[in-house]
Amino acid sequence: MTDVRFLHIADLHLDSPFKGLTSIPQNKWQDIRESTFNAFTNIIKYAIASKPDFVLIVGDVYDGENRSLRAQHLFQKGMEELSSEGIPVFICYGNHDHLSGNWVRFQLPDNVEVFGEEVDTKILEVKGKKVQITGFSYKERHIRDAMHTRYPVANGQDYHIGMLHGSIEGNEEHDVYAPFRKTDLVSKGYDYWALGHIHKRQILHDDPFIVYSGNTQSRHRNEKGLKGFYEVSLTKGQVDLQFIPSSAFIYDEVVVSCDGIIHANELIARIEETLHDYRESNGSAIVEVMLTDITDDTAELLKASTKEEWLQIIQESIREEEHFILVQKLQIEMPKEVWNESSALLQSIEAWDTADWKYALKELYQHPKGSRYLETISSEFVKETKLEVEQLLSNVLIKRSE
């Protein structure tokens with residue numbers, strides 16, 4: 001029998017502004033804008049239905065240090081609903097919603113325990129078992145200290161859980177705050193580490209479990225796939241994780257084979273059918289359509305119109321159904337033999353490391369007004385930029401083949 005069952009949630013980013021979206025119909029903007037709120041509502045509904053022993057929220061409840069009034073009100077109402085069901089909640093704030101921000105404060109109900117800026121351990125009794133939960137909230141946005149060194153070693157009580165909003169030391173894919181190494185956390189002797197900050201769901205270690213639950217709602221094209229949280233069942237020496245989706249919609253890439261396609265109506269029908277099947281399986285989504293298996297006939301067909309015209313036709317052809325599906329971008333996977341015509345640029349940037357990218361883009365990133373809207377130069381950013389270069393080249397190569 002399970003001794004302890006709880007929800008591990010992180011990175012809600014309530015009221016995220018969803019920057020960088022293009023080609024989105026006006027009537028769908030509200031659905032997208034509300035998605036972080038809707039994902040939170042899904043979490044509260046699941047918690048009320050499943051009645052866990054407690055809930056952990058590991059940082060970045062809000063998207064900004066100056067938490068919006070509406071986001072705080074929604075969150076407070078959610079905590080009240082959990083309070084009415086007798087479900088305790090433990091919260092640590094992260095780099096986005098650190099304690100030094102300015103906001104109108106709400107009084108959270110008594111079931112909610114909020115960690116302060118100093119590492120602290122809170123104790124909860126569950127089914128006769130003593131559970132110790134250790135964590136802290138960010139005092140300011142940039143926490144560079146290895147905060148795990150201030151966490152106590154497990155003292156032999158029934159269960160000890162660590163909450164830590166931070167990242168692995170040396171990680172180049174994300175801003176490194178409260179850095180740690182897996183061995184550092186293992187050495188504490190805890191039964192479970194609930195991590196936040198990295199938006200990709202992943203299990204770093206399984207003895208003990210050191211886990212990122214990821215964020216609860218995708219906010220841009222680099223956060224593809226289902227998002228949600230973990231339901232954790234804990235007995236001594238055994239952990240069972242169940243991923244629970246919470247996304248109001250997802251970002252994804254949908255691959256469409258162009259094999260056998262000669263005419264425009266065939267291509268449009270193929271894309272429509274593929275997107276319909278995808279929506280049936282996944283619900284609402286913003287997708288990039290990747291056309292593959294490009295033959296000479298398909299290339300001839302595609303070059304007859306611009307990519308923008310094809311994208312507009314595809315968007316207009318999608319039928320309105322219960323779940324929306326929006327095509328944000330159309331991409332073309334060109335055959336390898338075509339790429340051989342012009343690969344010098346790709347070969348050049350393929351050898352670049354992060355320092356080379358930073359040097360090449362330094363003037364753009366040093367711009368006093370524009371730099372705040374740019375993504376951090378990470379391995380994911382480099383990957384996406386290379387893909388965009390390939391797509392630009394694909395347009396050039398199609399035109400050159402005329």
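For the sequence shown, my numbering begins at 1 and goes up steadily by one.
Note that beta-carbon positions come from the ideal geometry of N, C-alpha and C, so glycine has one too.
On the three-state DSSP scale, how would you describe residue i?
i, result
"S257", "strand"
"S218", "coil"
"Q328", "strand"
"K386", "helix"
"A154", "coil"
"K51", "coil"
"Y93", "coil"
"Y177", "coil"
"F78", "Before going on, a small fix: residue 78 reads as Gly here, not Phe. Here G78 sits in helix by DSSP."
"T36", "helix"
"T2", "coil"
"V114", "strand"
"A146", "coil"
"A285", "strand"
"K28", "helix"
"L108", "coil"
"I262", "coil"
"L374", "coil"
"D15", "coil"
"Q252", "Before going on, a small fix: residue 252 reads as Asp here, not Gln. Here D252 sits in strand by DSSP."
"I313", "helix"
"I318", "coil"
"V396", "Legend: pLDDT at V396 = 49, less than 50; position of this residue unreliable, no value from coordinates given."
"E402", "Unreliable placement is indicated for E402, whose pLDDT of 36 sits below 50; no coordinate value is reported for it."
"E300", "helix"
"T306", "coil"
"Y365", "helix"
"R141", "coil"
"R70", "helix"
"R201", "coil"
"S187", "coil"
Could you say which of the options lies nearest to residue i if we only look at CA atoms?
i, options, result
"I332", "W310, S84 and K188", "W310"
"N66", "I87, N42 and H96", "H96"
"G189", "E117, I210 and H197", "I210"
"S83", "I48, N102 and E117", "I48"
"L275", "T41, F54 and S257", "S257"
"V114", "F90, L302 and G128", "F90"
"S35", "D3, V55 and L74", "L74"
"E117", "I250, H148, I271 and C92", "C92"
"T41", "A71, I261 and I313", "A71"
"I271", "E380, A299 and T292", "T292"
"K200", "T2, V389 and L12", "L12"
"T149", "H142, G156, S187 and G170", "S187"
"I133", "H205, L164, L108 and Q312", "L164"
"A351", "K383, E320 and E363", "K383"
"V153", "S167, L185 and P179", "L185"
"K28", "L387, K358, Q315 and E266", "Q315"
"I168", "D175, P179 and H160", "P179"
In the DSSP assignment, what residue or residues form a beta bridge with residue i?
i, result
"P245", "G228"
"M163", "A194"
"K236", "According to DSSP, K236 bridges with nothing at all."
"I294", "Answer is none; I294 lacks a bridge partner."
"L56", "H8 and F90"
"L99", "Paired residues: none, contrary to the question."
"F209", "Y192 and D206"
"D120", "G135"
"I44", "Beta-bridge pairing links I44 to no other residue."
"E125", "K130"
"I349", "I349 pairs with nothing; no bridge assigned."
"I168", "F180"
"Y62", "L14"
How close, in whole Å, do the beta carbons of residue i and residue j come, if the pair is a contact with beta carbons under 8 Å?
i, j, result
"D158", "V131", "7 Å"
"A248", "Q217", "6 Å"
"Q76", "F106", "4 Å"
"S233", "D240", "4 Å"
"G59", "H197", "6 Å"
"Y177", "G162", "Their Cβ separation, rounded to whole angstroms, is 16 Å, which puts Y177 and G162 out of contact at 8 Å."
"K224", "E253", "7 Å"
"E85", "K51", "6 Å"
"Y251", "Q242", "Rounded, the Cβ-Cβ distance is 23 Å, inconsistent with contact."
"H220", "G283", "Their Cβ separation, rounded to whole angstroms, is 18 Å, which puts H220 and G283 out of contact at 8 Å."
"I87", "V61", "So it is not a contact: roughly 16 Å between Cβ atoms."
Between residue i and chain B, is the shortest Cβ-Cβ distance under 7 Å, so that the two count as touching?
i, result
"V389", "Considering every chain present, this structure includes no chain B. It has just one protein chain."
Self-check item: the region 118–132 / the region 193–211 touching (three or more Cβ pairs under 8 Å)
Solution: no
Quiz item: Taking contact to mean at least 3 C-beta pairs separated by less than 8 Å, is the region 135–150 in contact with the region 81–97?
Solution: yes
Exercise. Pair every Cβ in the region 319–333 with every Cβ in the region 282–299, then say whether three or more of these pairs are closer than 8 Å.
Key: yes
Exercise. Evaluate contact between the region 5–17 and the region 41–57, counting only Cβ atoms and requiring at least three cross-stretch pairs below 8 Å.
Key: yes
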